[in-house]
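One structure below.
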Amino acid sequence: MPKPISLLFILVLCIAGYNLLNKLHRFHYSLKRSSGYHTFLSSATAGLTLCGLATIIYAISDFALECFSWHFSLGEIVLNNILKYNASQNSIILFDVLAITITLTLFIPVVFYRFSLENKFKCFLKEFAQDGESPEFTQLFFRSFQFGLPILFTMSDRKVYIGYVTEIRSQPFNDLHVIPIVSGHRDSSNLRLVPVTPYQDIIHDVENDATEELDFEAFTVTLPIREIVYAHLHDFEKYGKFKKAEKKLDFIQQESYVFTNKL
């Protein structure tokens, strides 16, 4: 039967490893998606690595204290002086190593992100945006945020919404919330965009007439993910150029059709 100190050792290693991986952006999201023995093995591996580093730190610290004829042991203070456990020297050393291991899980992430919460947030955000296993459309949402462009959503009934998503979720979701700028539909014959409702102009009029601050949530449209056929960034400034190019192409095609019929 395993000794209590052995169970404590395994437990602390797994907790320390999980805590460290959870605080580092490169491992955070993959760890959250893992389950069962995958999570255990990842945590245990990270914990063993920390324990090895803690052992080296303990050995160097113990040697340095002996050089100055000093002695300090947290394990001896806690186990023997406070708890009156009368622990052996091996148990005291193991306690000290585990204490250093736990300390490293708190210290390493702080140093890794250069003592900056803002830097940590940026790293987590960038990792989530680039993660291929993030929820559907997540990378498109971040590109919209990066370029400051709205997203055009084409629905299964050919209805079209152009707007900005109001939130980006880290867990799988069924619906997304959009503040629309323009809505319309796809032409049944050629599937070209036909704008109908200029939400942006309406919102500006309401905002100018309102005596209180406008709540944009009142204009939010909820789109079911399952009904979205495809989505892409939409640049209104370049949209006019595309329309001119389409008209020019239509003209060329018509001239070609007439010329062919004459032949």
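Numbering of the sequence shown is given in numbering that gives the first Met the number 0, commencing with residue 0 and proceeding in unit increments.
We put the CB at the ideal spot given by N, CA and C, even for glycine.
Nearest to residue i (by Cα), restricted to the options the options
i	options	result
Glu236	Val220, Leu148, Gly162 and Ile91	Leu148
Asn118	Ile180, Gly51 and His24	His24
Ala45	Ala53, Cys13, His27 and Phe62	Cys13
Gly162	Val181, Ser33, Phe26 and Ser155	Val181
Pro223	Val195, Val193, Tyr112 and Val177	Val177
Leu30	Arg185, Asp130 and Gln88	Asp130
Counted within 10 angstroms of its Cβ, other Cβ atoms place residue i as buried (16 or more) or exposed
i	result
Pro171	exposed
Phe94	buried
Phe146	exposed
His233	buried
Leu103	buried
Pro179	buried
Ile55	exposed
C-alpha distance - residue i paired with residue j, whole-angstrom precision
i	j	result
Leu139	Ser115	28 Å
Arg191	Asn21	47 Å
Ser41	Tyr17	8 Å
Ala15	Val228	44 Å
Glu135	Asp174	11 Å
Gly74	Cys50	16 Å
Lys125	Ser90	43 Å
Arg32	Phe8	26 Å
Glu65	His27	40 Å
His37	Lys158	43 Å
Ser169	Lys121	15 Å
Val109	Thr100	15 Å
Reduced DSSP secondary structure (H/G/I, E/B, other) of residue i
i	result
Tyr112	coil
Ile99	helix
Thr308	Residue numbering for the chain in the displayed model covers 0 to 262; residue 308 lies beyond these limits and cannot be assessed.
Glu120	Note on residue identity: the sequence assigns Phe, not Glu, to residue 120. In the structure shown, Phe120 sits in a helix (DSSP, three-state: H, G or I).
Phe258	Low per-residue confidence applies at Phe258: pLDDT is 42, beneath 50, and the placement is therefore not dependable, though the value from the model is reported in the following sentence. Helix, per DSSP.
Leu190	coil
Leu151	strand
Ser33	coil
Phe250	Low local confidence applies: a pLDDT of 46 at Phe250 is under 50, so the model's placement there is unreliable, with the coordinate-based value given in what follows. Looking at Phe250 - three-state DSSP - the assignment turns out to be helix.
Touch test, the stretch 62-79 against the stretch 95-104, Cβ-Cβ under 8 Å, three pairs minimum: Under the three-pair Cβ rule at 8 Å, the stretch 62-79 counts as touching the stretch 95-104.
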